[in-house]
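Just so we're aligned: the sequence shown equals residues 80 to 195 in the working numbering.
Everything below concerns the one structure shown next.
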Amino acid sequence: MRYCKHCEAKFDPKSQRKRKVGGRINECADCVEDLGTETTVKYLGCASADGKMGAISILAFESNEDRDQYKRAWDNNTGRHKGKSCHLGQSNTAMSGMKFRQVSENIMNGNHKGKL
Ligand SMILES: [Zn+2]
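So this is what it looks like as structure tokens:
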């Protein structure tokens, strides 16, 4: 247990709510929300599958709005929770205009089983 530097209330830094709202280790979840001290935009991991391998890209966004917008478009366009109907239509969500940089990626090996 720790004491919050703003309101001096005792709080658990490992609680589920504290982990969700973020903030510094010496700030309670209520103060993080009230004062808006959490400014970090969390990384977004995008999983896809190429060939026989699962691929993942880790992206860093400048704002939570861009992150949410990209995640919604990614989920829609890759067919997450949509079964096999994902790529049959002409209506993919636009994925342009969001500012981000790539942190890391792990993509398929193009030389699968010796074929080019
Ligand atoms: Zn507090």
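C-beta: ideal position from N, C-alpha, C; glycine also.
Annotation for H160 indicates a beta carbon at 7 Å or more from all heavy atoms of ligand 1. Buried is the label assigned to V111, since at least 16 other Cβ atoms lie within 10 Å of its Cβ.
The nearest non-hydrogen atom of ligand 1 is 7 Å or more from the C-beta of E112. If you compare the alpha carbons of D109, Q148 and S127 with that of F179, the shortest gap goes to Q148.
In the structure shown, Y149 falls within a helical segment according to DSSP collapsed to helix, strand and coil. Between the segment 86-104 and the segment 116-130, the count of C-beta pairs closer than 8 Å reaches three or more; the two stretches touch.
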